[in-house]
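Novice: Oh and the sequence shown: position 241 is 242 in this note's numbering, straight run, nothing missing.
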Amino acid sequence: MVHMTRSLRDKTLFITGASRGIGLAIAKRAARDGANVAIAAKSVTENPKIPGTIFTAAAEIEAEGGKALALPCDIRFDEQVANALDRTVSTFGGVDILINNASAIDLRGVDLLEMKRFDLMHQINARGTYLCAKLALPHLRKSENPHILTLSPPLDMNPKWFAPNLAYTMAKYGMSLVTLGLAENLAREGVAANSLWPETAIATAAVGNLLGGDEIIKRARKPDIVADAAHAILTRPSRECTGNFFIDVRVLAQEGVTDFAAYSVDPGHEAVLDFFLEEPISANVRKSAFHGGR
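1) What first and last residue would you give for the alpha helix (DSSP H) that runs through Thr170?
2) Have a look at Arg30, Asn102, Val82, Met116 and flag the residue whose alpha-carbon is nearest the alpha-carbon of Lys68.
3) For Ala28, which residues of its own chain have a beta-carbon under 6 Å away from its beta-carbon, when the five flanking residues on both sides are left out?
4) Do Val82 and Leu141 have their C-beta atoms within less than 8 Å of each other?
5) Given 8 Å as the limit, is there contact between the region 141-152 and the region 251-258, that is, 3 or more CB pairs closer than that?
6) Taking the continuous beta strand (DSSP E) assigned at Thr13, which residues delimit it?
7) With a threshold of 6 Å on Cβ separation, who are the neighbours of Cys74 within its own chain once the five nearest residues in sequence on each side are excluded?
8) Report yes if the C-beta distance between Ile203 and Ala221 is below 8 Å; otherwise report no.
9) Nearest to Phe163 by CA position, among Gly209, Phe78, Ala206, Phe277, is which residue?
10) Closest by CA to Ala207, which one among Asn48, Ala64, Thr6?
11) Using CA atoms only, rank isn't needed, just tell me which of Met122, Ile217, Thr201, Ala262 is closest to Ile282.
12) At least one CB of chain D closer than 8 Å to the CB of Ile149: is that the case?
13) Given this structure, state the Cα-to-Cα distance separating Leu25 from Arg189, to the nearest angstrom.
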């Protein structure tokens, strides 16, 4: 785990999809600094397959030392996002950080995927990310160190990433394109726009349900690795840190972390490489550190 002196104390984060998983882990990491966290998500009642609601998340955030605001919000709808941001500003006085974490996934191919599922992924992933950034910008521009961080992969046009699950790749890359465009557009204003992606599968209920249950979870890392990487990015000067497609282990290596075993669910199992990455990065990070490189 990483321990840094840089802090998010008194900063306000607006996080989509923060009722569980990676979004909640990022929220709790910020809460340990004493941050304010607005949890914008649809989960208002318990789902036995995917535990966690905005209300249970708020309780966990406050238990970690932060202030939480639970906001029922479906990011497909402009008015709901606008209202959620307005409530955040009226409660905490502004927005310093936007985390675009909410995402839909369906890995079926062209022959099997219904168009309603195609539309859902694009409404949440690409459009939702764009919408949240668009509506948050007037508030972010007032912050001393504004950041937009999107949970999306580096752009790689290798056809192998498109062939098996074309619609999902299009939707996730749509999120990454938002980062690409915003970073260029906002650079002179000092509003950072970056993407962050995990090297390996992350142990969340969604991953377990979709990709192989307990077996895949044993070969995954804890959401904390993404949360620690996000914290490192968000505490960097926004004018000096924008337009990047970060991988979690590379970010942590820059912070001096080269042993990632503590993040493994089961250190006895080799972690499964995440989508959109060609090869493992951790080994190269450790080797570089051993030889004194960065």
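C-beta: ideal position from N, C-alpha, C; glycine also.
Specialist: Once the coordinates are examined:
1) Residue mapping note: residue 170 aligns to position 169 of the sequence shown, counting from 1. Element bounds for Thr170: 167-187.
2) Here the question's residue 68 lines up with position 67 in the sequence shown. The residue among Arg30, Asn102, Val82, Met116 with its C-alpha nearest the C-alpha of Lys68 is Arg30.
3) Stepping through the sequence shown from its first residue, residue 28 is reached at position 27. Setting aside the 5 residues that flank it on each side, Ala28 is surrounded in the same chain by Ile16, Ala19, Val38, Ile62, each with a C-beta closer than 6 Å to its C-beta; the list follows chain order.
4) Reading the sequence shown from its first residue, position 81 is the one you call residue 82. Reading the sequence shown from its first residue, position 140 is the one you call residue 141. Not closer than 8 Å, so no.
5) Inter-segment contact for the region 141-152 and the region 251-258 is absent: fewer than three beta-carbon pairs are separated by less than 8 Å.
6) For the purposes of this step, residue 13 is taken as the residue at position 12 of the sequence shown. If you look at Thr13, you'll find it in the beta strand (DSSP E) that goes 13-17.
7) For the purposes of this step, residue 74 is taken as the residue at position 73 of the sequence shown. Taken in chain order, the residues that qualify are Ala41, Gln81, Ala85.
8) Taking the sequence shown and counting its residues from 1, one reaches residue 203 at position 202. Taking the sequence shown and counting its residues from 1, one reaches residue 221 at position 220. Their beta carbons are under 8 Å apart, which means Ile203 touches Ala221 by this criterion.
9) Residue numbering aside, residue 163 sits at position 162 when the sequence shown is read from its first letter. When only C-alpha atoms are compared, the closest one is Phe277.
10) As a position in the sequence shown, residue 207 is number 206, starting the count at 1. Ranking Asn48, Ala64, Thr6 by Cα distance to Ala207 puts Asn48 first.
11) Within the sequence shown, residue 282 is the residue found at index 281, counting from 1. Per the Cα distances, Thr201.
12) Judged by its chain identifiers, the structure shown contains no chain D, having just a single protein chain.
13) What you label residue 25 is simply residue 24 of the sequence shown in a count that begins at 1. What you label residue 189 is simply residue 188 of the sequence shown in a count that begins at 1. In this structure, the straight-line span from the alpha carbon of Leu25 to that of Arg189 is close to 31 Å.
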